[in-house]
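Each remark here refers to the structure printed beneath this line.
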């Protein structure tokens, strides 16, 4: 049977010595984490959430991003610029207004682009299959199949988002449109569902705003749960065994997980890593994992002999529990870096 004693024994020996050293010199291991947490937590003052859904959920080198930067890097597009990008004759031999515009098709394109941008063109028939649903067909007087009715209608409003001032106006129009749709009186015949370019970002922010206040209550509940689980009753009585009970250790175990969250998030912000609202669920997961490690430590302390010295008890506790905690931490790091550098269409955190 395959065994990994070559790893477990050296690690247990190392953590035994580390635990004994900590018990002999406890002050630096208490003061330094607290001071470091206070310093790294200052990063929250510089928190600048990234809410752009296109940036967050599309590949960094997506062709659409490259084309957008190339096509809209100026405040307006001239006819010569369009022709030069789309129909180049060759390197260093483009002459605006002569070589390329000799093609009649190019002349027609320029005419429509320059002069008919704000005009509406209609015809007697058209394809509406992409914009309607729940259709019913019928026949006219000539026996031709026609569209008799439809239960759903997709209405698309195309807005400009370049240059920046036009993008701002379009964003205001979207929000105003949403406000009017929210205040539209209830209609027994019409059900309205809308989606705009800022919907995903707004919903993510709303979820984050709803989760943040709940973290405090969840943290308090977790502390109470940890204290209750750490209490030991004297057999046959309703009295607590204060020798075996470890409520203070449980409380500081949960606080330690909270300090880890504050340090990690604040430190990343100080390193100019942008914050995404969707990671607001992260503190719940980290505190849960940290509390699980705390229970391992409490159980390891209870298994040590009370006849031993404090130094020996802490050493045995670390040798017993720290190996399991190390494996849990390494697994978490592997998952984090695997998701961060894997083939995923997401950016940051």
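Numbering (this note's numbering), first residue to last: 130 to 478.
We treat Cβ as the ideally placed atom computed from N, Cα and C, and that holds for glycine.
Below 7 Å between beta carbons: does that hold for residue i and residue j?
i           : j           : result
residue 361 : residue 373 : yes
residue 152 : residue 439 : yes
residue 182 : residue 330 : yes
residue 393 : residue 337 : no
residue 144 : residue 448 : yes
residue 452 : residue 149 : no
residue 376 : residue 390 : no
residue 479 : residue 333 : Nothing in the structure corresponds to residue 479, since the chain is present only between 130 and 478.
residue 267 : residue 275 : yes
residue 450 : residue 425 : yes
residue 359 : residue 427 : yes
residue 323 : residue 310 : yes
residue 422 : residue 456 : no
Once you ignore the five residues that flank residue i on each side, which residues in its own chain have a CB closer than 6 Å to its CB?
i           : result
residue 383 : 351, 352, 355, 420
residue 395 : 169, 170, 172, 173
residue 178 : 404, 406
residue 175 : 398
residue 443 : 148, 152
residue 269 : 275
residue 237 : Because residue 237 carries a pLDDT of 41, less than 50, the predicted location of this residue cannot be relied on, and no value is offered for it.
residue 445 : 433
residue 283 : 260
residue 121 : The requested residue 121 is not part of the displayed model; the chain covers only 130 to 478.
residue 429 : 446, 449, 450
residue 478 : Since pLDDT at residue 478 reaches only 42, below the 50 mark, its modelled position is unreliable, and the value read off the structure follows with that caveat. Cβ neighbours of residue 478 beyond the five flanking positions: 405, 408.
Per DSSP, which one or two residues make a beta bridge with residue i?
i           : result
residue 153 : DSSP, once it has assigned bridges, lists no residue as partnering residue 153.
residue 404 : 178
residue 278 : 265
Using a Cβ cut-off of 7 Å (strictly closer), state whether residue i contacts chain D.
i           : result
residue 453 : Given the protein chain composition of this structure (a single chain), no chain D is represented.
Beta-carbon within less than 7 Å of residue i's beta-carbon, same chain only, minus the 5 sequence neighbours each way: which residues are those?
i           : result
residue 263 : 279, 280, 281
residue 302 : 288
residue 530 : In the structure as shown, the chain begins at 130 and stops at 478. Residue 530 is therefore absent and cannot be evaluated.
residue 466 : none
residue 347 : 413
residue 299 : 288, 289, 290
residue 307 : 323, 325
residue 315 : none
residue 265 : 277, 278
residue 241 : Low confidence applies to residue 241: its pLDDT is 43, below 50, so where it sits in the model is not reliable enough to give any reading.
Suppose the cutoff is 8 Å on Cβ atoms and the five residues either side in sequence are ignored; what does the same chain contact list for residue i look like?
i           : result
residue 137 : 452
residue 380 : 352, 355, 356
residue 369 : 360, 361, 362, 363
residue 245 : Unreliable positioning characterises residue 245 in this predicted model, as indicated by a pLDDT of 49, which lies under 50. A coordinate reading is not provided.
residue 163 : 388
residue 272 : none
residue 321 : 310, 313
Taking 8 Å as the cut-off, does the region 391–401 touch the region 421–441 (at least 3 CB pairs, one atom from each stretch)? In short, these stretches do not touch, since the Cβ pair count stays below three.
Below 8 Å, can you find three or more Cβ-Cβ pairs linking the region 454–462 to the region 409–426? These segments touch.
Complete alpha helix (DSSP H) runs within the region 363–431 (minimum length 4 residues, chain order): 376–399
Identify every run of the beta strand (DSSP E) within the region 272–342, keeping only runs that are complete inside it and at least 3 residues long; order them along the chain. 274–278
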